[in-house]
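**Q** Here the protein sequences line up with chains W and B, keeping their order.
Here the first sequence is numbered in the numbering used here, starting from 24 and rising by one per residue.
Here the second sequence is numbered in the numbering used here, starting from 47 and rising by one per residue.
Mind looking over this structure? Questions follow.
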Amino acid sequence: MPEFDVMPGNKALAHGVRLARVEVIPVFPITPQTTIIEYLADFVANGELDAEYIHAEGEHSCMAMAVGASLAGARVFTATCSQGLGYMHEVVAQAVSFRTPLLLGVADRTLGWYWSLGPDYSDIMPELNLGWIVNFAETNQEVLDMTLQLYKVAEDYRVLLPTMMSLDGFYLSYSQERVWMPDQEVVDKWLPPYKAPYPVDPTISDKFPTTSLPPPLHTTYRRLFEEILQDARKVIEEVDSSYGKTFGRSYGGLVEEYKTEGAETLLVTMGSMTTAGRRAIDKLRSEGEKIGLVKLRFMRPFPDLEFRKIAEGVKAMGVVDRMMLHGTRGGGAFQDLKSALYNSGIRVPVQGFVTGMGGEDIPIDDMYLMGKKALQAAERGRVEKEVEFVEHKFQAAAKPVAMDWGEPIFPGSDGCAGCGTSIIIRHLLKILGKSTIIINPPSCSGVNFSAVVRVPWILANFAAGAAYETGVYRALRKKGKADKVYITSYSGDGGTVDIGLQSISGAAERGESMIWLCYDNEAYMNTGIQRSGSTPLFSATTSTPAGKVWPGKQVRRKNMLMIMAAHRIPYIATASLSYIPDLERKIKRAAEITRAGEGLAYLHIQQPCATGWYFPPEKTVEIGRLAVQTGAWPIVHVDHGDFKIDVKPKELRPIKEYLQPQARFRHLNDEQFEIIQRDAQYEWDALLELEKRGKFPGY
Amino acid sequence: MSQDKSVIKGFALADTTVRGGQYVGNWRVFMPEVDYEKCVGCRLCLLYCPEGAIRADEANKPDIDMRFCKGCGVCANECPQKAIGMKREEEAKK
């Protein structure tokens, strides 16, 4: 390993996790966190890190796996952000009482309300008050160093609490910086393996962490946990100083001060914005202003005592927030800082700023401006306007190309050249027409097509696509409109077979008369090609890379046809974009059945993806056809229990013809080809038998 | 209770009447060229064009809107008559 390297924050975090010899890593992709788990997958796939790497089916499960593993005594890491952190929330709250000293990396990103991939702290804000230790990193080096430090803090028996590290999405997660790499042997000595005091392991411990506590003890335990958190600041300082002695870098305790000597005014910042803040302070100092900066390194425990000390010598403070506490007029750091000072007898004007929301840049010029305003407050001894929103003019993107177009979907989408799902959605909308409502769990289709369709396109939360759809359907049914509109999902395979499955199952069982359409490109393409429950055996993805240890994906895909048939819904069909007349027939039949109020119609359409399967874009339709003709993707339907194979080659073509043009199967050896071939033949024979039987079992 | 739309503040809306595509013709590396002699008007290229950038002329033959063609080559690959060729953009423009 070289002494230092240039790398993005996500890679620095992954290296920290590798150096800490983390034992269990549950993962689920979400931008801009995903590359953390991709780097880790590479480490594990190539034998550089010996860890249990678990592909979770959603973030709620992901955090539950992390807590479970930590309960059983392992050192655990997972990462997420934004919607994923929101979905985890319940388990995040739970982790505290289980005393699980795990590390959660949060590559911050806006939590929808309005969606953005860019960072603000709306995602981490709801998690602040649950009892976790919450750290905010400013640089990629700090990310790596704090990964090691936080394990040492968390696993200290005086603490035993979960820790969260915020690294701003994009600004840190994807930005390259120089990072010094500690030596593994030194790390091993400095950070010995985690030894849980009471692991859930009956072979070594009769006692285990419980979450049962009688209500009269709840207040007492709230006090105890608050004391632990407050006392943790001592451990944080100890660990930082010991880290400094061993590795030559230390950061101070809960706050870091910059040019505060002789400062009468302070700017308070957190995370990556601090770097711009430092440059603004340099400029103001060069102009003779007595101003300094305080970086909030930890939001929890909040550095209240530190700020009381700092505030004693100053005339005003300006707090820059990338976090809005709605209903309180200001940002999170601003409110916390104000209340930290209130009963201390120190009266310092505190000016709040809210800016950089949705990931908008906070440039040095803005920091300079905010510094100036804080200086004004110091001069006047009061703030003019308690909270200022630093906003920027919006420059609208290019207008759509004007054209006379009768169809419900326009050309000129953001889809990749040769995108298969473009073909599916055009035919879907051509048949269903303009009175269609599309419910879209996050997927590349939302990014690419929501702006070019002439129908309402509702972005649903990932785990709840079918539930959003149910709500829309039931309201319209109540209003007597169920036979005037079509309601369909446009969902990827992740939103169907993994994280979305529970809500689809519910809708199927209740008999909601709507269409569930899954376009299956066999991985999470939107986040950059991570495996899903629909990824076929041995396929290389960015979370199942083929390496020295891993052969690509190690398990078979789910069979959604069987799963949906077990719900006995009126219509289930698999289809392919390479067989358009068959696809159109199936969409029409699904429309008929749902309009008649007979229940859920489920369409599962394979969509070859040039980008994610690594084949030339002109082959999209050809690959789809090969999938059907080799038995890799049989196209069939179940109409009220009657089972039929719709495209039936006399003999299946060798599966190699389908696999070889795709680089995701490039690493396969003959034995692996043979396994896939046997699988395909076995399934095909079973389908032929089923067709002979005619009726699907269970109907 | 006011139900006057003019009092609504800060309500972001999408409007299905002002949607449309962007000019994506500059994505192309290869450009489709149709040999209208060979074309038999089977319309398969219309069916499969991922972008929906192809419309049929009176003879059912493809009229490709180059503003929206990304040059993926699916049409050329699927044409049973081999009537569509993909040429490098610069050459095709000559």
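All C-beta atoms in this analysis are idealised placements derived from N, C-alpha and C, irrespective of residue type, glycine included.
#1: Any idea what DSSP makes of Gly100(B), helix, strand or coil?
#2: Measure the C-alpha to C-alpha separation of Gly350(W) and Gly341(W) and round it to an integer number of angstroms.
#3: Tell me whether the beta-carbon of Asn549(W) lies closer than 8 angstroms to the beta-carbon of Cys467(W).
#4: Helix, strand or coil for Leu63(W)? Go by DSSP, reduced to three states.
#5: Using a 10 Å radius around the Cβ and a threshold of 16 neighbouring Cβ atoms, would you call Gly404(W) buried or exposed?
#6: Counting only the same chain and skipping the five closest in sequence on each side, list residues whose C-beta sits under 6 angstroms from that of Pro52(W).
#7: Distance, Cα to Cα, Glu607(W) vs Gly70(W)?
#8: Which bits of chain B does Glu200(W) rub up against, with CB to CB less than 8 angstroms?
#9: Please determine, among Ile147(W), Thr123(W), Pro31(W) and Gln117(W), the residue with the shortest C-alpha to C-alpha distance to Trp203(W).
#10: Are Asn163(W) and Leu195(W) touching if we call contact CB-CB under 8 angstroms?
#11: Does the Cβ-Cβ distance between Met296(W) and Gly379(W) come in under 8 angstroms?
#12: Given this structure, state the Cα-to-Cα distance separating His627(W) from Asp103(B), to the nearest angstrom.
#13: So, are the CB atoms of Pro96(B) and Gly441(W) less than 8 angstroms apart?
#14: Please compile the residues from chain W whose C-beta is within a distance smaller than 7 angstroms of the C-beta of Asp111(B).
#15: Based on DSSP bridge pairs, tell me the residues matched to Gln374(W).
#16: Taking the Cβ atom as the reference point for each residue, do Ala489(W) and Gly523(W) lie within a distance shorter than 8 angstroms?
#17: So which of Val406(W), Ala474(W), Asn484(W) and Leu398(W) has the shortest CA-CA distance to Ala420(W)?
#18: Beta carbon of Phe741(W), beta carbon of Ala686(W): below 8 angstroms?
#19: DSSP three-state call for Ser514(W): helix, strand or coil?
#20: Buried or exposed for Arg201(W), please, with buried defined as at least 16 other CB atoms from any protein chain shown within 10 angstroms of its CB.
#21: Compare the C-alpha of Trp73(B) against each of Ile461(W), Gly438(W) and Ser512(W) and name the closest.
#22: In terms of residues, what are the limits of the beta strand (DSSP E) holding Asp665(W)?
#23: For Ser562(W), which residues of its own chain have a beta-carbon under 6 angstroms away from its beta-carbon, when the five flanking residues on both sides are left out?
#24: Check the Cβ-Cβ distances between Ser512(W) and every residue of chain B, and say whether any is below 8 angstroms.
#25: Write down every uninterrupted run of the alpha helix (DSSP H) in the region 130-199 of chain W whose length is 4 residues or greater and which is fully enclosed by it, in chain order.
#26: When we look at the beta-carbon of Ser145(W) and count the other beta-carbons within 10 Å, is it buried (16 or more) or exposed?
#27: What is the rounded straight-line gap between the Cα of Gln399(W) and the Cα of Lys338(W)?
#28: Would you check if the region 123-136 of chain W and the region 105-114 of chain W touch, i.e. whether three or more CB-CB distances between them fall below 8 angstroms?
#29: Keeping to the same chain, check which residues put their C-beta closer than 6 angstroms to that of Gly435(W); ignore five residues upstream and five downstream.
#30: For the region 87-127 of chain W, which segments carrying the beta strand (DSSP E) assignment without a break, of at least 3 residues, lie completely within its bounds, in sequence order?
#31: Please identify the residue among Lys116(B), Glu137(B), Lys139(B) and Cys91(B) whose C-alpha is closest to the C-alpha of Ile130(B).
#32: Just by C-beta distance, which residues in the region 470-502 of chain W are closer than 9 angstroms to chain B?
#33: Out of curiosity, what's the CA-to-CA distance linking Leu214(W) and Tyr174(W)?
#34: For Pro604(W), count neighbouring C-beta atoms within 10 Å of its own C-beta (all shown protein chains included) and say buried if the count is 16 or more, exposed if not.
#35: With distances taken from CA atoms, which of Val258(W), Met393(W), Leu392(W) and Pro479(W) is nearest Ile432(W)?
**A** Once the coordinates are examined:
#1: Reading the second sequence from its first residue, position 54 is the one you call residue 100(B). Looking at the sequence provided, one finds Ile at residue 100(B) rather than Gly. If DSSP states are grouped into helix, strand and coil, Ile100(B) belongs with the strands.
#2: For the purposes of this step, residue 350(W) is taken as residue 327 along the first sequence, with counting starting at 1. For the purposes of this step, residue 341(W) is taken as residue 318 along the first sequence, with counting starting at 1. Rounded to the nearest angstrom, the two C-alpha atoms are 20 angstroms apart.
#3: In the first sequence, the residue the question calls residue 549(W) occupies position 526. In the first sequence, the residue the question calls residue 467(W) occupies position 444. Yes.
#4: Counting from one through the first sequence, the residue named residue 63(W) turns up at place 40. In the structure shown, Leu63(W) sits in a helix (DSSP, three-state: H, G or I).
#5: In the first sequence, the residue the question calls residue 404(W) occupies position 381. Exposed.
#6: The residue you call residue 52(W) lines up with position 29 of the first sequence. These residues qualify, in order along the chain: Tyr547, Thr550 and Gln553.
#7: Residue numbering aside, residue 607(W) sits at position 584 when the first sequence is read from its first letter. Residue numbering aside, residue 70(W) sits at position 47 when the first sequence is read from its first letter. Using only the alpha carbons, I get a separation of about 47 angstroms.
#8: Working through the first sequence from its first residue, we reach residue 200(W) at position 177. None at all; the shortest Cβ gap to chain B is about 32 angstroms.
#9: Counted from its first residue, the first sequence places residue 203(W) at position 180. When each option's Cα is compared against that of Trp203(W), the closest is Pro31(W).
#10: Walking along the first sequence from the start, residue 163(W) turns up at place 140. Walking along the first sequence from the start, residue 195(W) turns up at place 172. Yes; because the gap between Cβ atoms is below 8 angstroms, this pair is in contact.
#11: Here the question's residue 296(W) lines up with position 273 in the first sequence. Here the question's residue 379(W) lines up with position 356 in the first sequence. In contact: Met296(W) and Gly379(W) (Cβ atoms closer than 8 angstroms).
#12: Here residue 627(W) refers to the residue found at position 604 when the first sequence is read from its first residue. Here residue 103(B) refers to the residue found at position 57 when the second sequence is read from its first residue. Rounded to whole angstroms, His627(W) to Asp103(B) spans 33 angstroms at the Cα level.
#13: As a first step, residue 96(B) is located in the second sequence; it is residue number 50 there, counting from the start. As a first step, residue 441(W) is located in the first sequence; it is residue number 418 there, counting from the start. Cβ atoms of Pro96(B) and Gly441(W): closer than 8 angstroms.
#14: Stepping through the second sequence from its first residue, residue 111(B) is reached at position 65. Here the neighbours are Pro434.
#15: Working through the first sequence from its first residue, we reach residue 374(W) at position 351. Gln374(W) is bridged to Gly341(W).
#16: For the purposes of this step, residue 489(W) is taken as the residue at position 466 of the first sequence. For the purposes of this step, residue 523(W) is taken as the residue at position 500 of the first sequence. Yes, the pair counts as a contact, with Cβ atoms nearer than the cut-off.
#17: Position 397 of the first sequence, counted from the first residue, corresponds to residue 420(W). When each option's Cα is compared against that of Ala420(W), the closest is Ala474(W).
#18: This structure cannot settle anything about residue 741(W), because the visible part of chain W is limited to 24 through 722.
#19: Position 491 of the first sequence, counted from the first residue, corresponds to residue 514(W). Looking at Ser514(W) - three-state DSSP - the assignment turns out to be strand.
#20: In the first sequence, the residue the question calls residue 201(W) occupies position 178. Classification for Arg201(W): exposed.
#21: Position 27 of the second sequence holds residue 73(B). When each option's Cα is compared against that of Trp73(B), the closest is Gly438(W).
#22: In the first sequence, residue 665(W) corresponds to position 642, counting from 1. From DSSP, the beta strand (DSSP E) with Asp665(W) extends over Asp665 to Ile668.
#23: As a working mapping, residue 562(W) is identified with position 539 in the first sequence. The residues are Gly575, Lys576 and Arg687.
#24: Taking the first sequence and counting its residues from 1, the one referred to as residue 512(W) is at position 489. So, not an interface residue.
#25: 163-178
#26: Here the question's residue 145(W) lines up with position 122 in the first sequence. Buried is the call here.
#27: Locating residue 399(W) in the first sequence gives position 376, where the first residue counts as 1. Locating residue 338(W) in the first sequence gives position 315, where the first residue counts as 1. Cα to Cα, Gln399(W) sits roughly 10 angstroms from Lys338(W).
#28: yes
#29: Taking the first residue of the first sequence as 1, we reach residue 435(W) at position 412. Contacts found: Val424.
#30: 100-103
#31: What you label residue 130(B) is simply residue 84 of the second sequence in a count that begins at 1. Nearest option by C-alpha distance: Cys91(B).
#32: Ser473, Ala474, Val475, Val476, Arg477, Val478, Pro479 and Trp480
#33: Within the first sequence, residue 214(W) is the residue found at index 191, counting from 1. Within the first sequence, residue 174(W) is the residue found at index 151, counting from 1. Distance between the alpha carbons of Leu214(W) and Tyr174(W) is about 8 angstroms.
#34: For the purposes of this step, residue 604(W) is taken as residue 581 along the first sequence, with counting starting at 1. Pro604(W) comes out exposed.
#35: Within the first sequence, the letter at position 409 stands for residue 432(W). Of Val258(W), Met393(W), Leu392(W) and Pro479(W), the residue nearest in Cα terms is Pro479(W).
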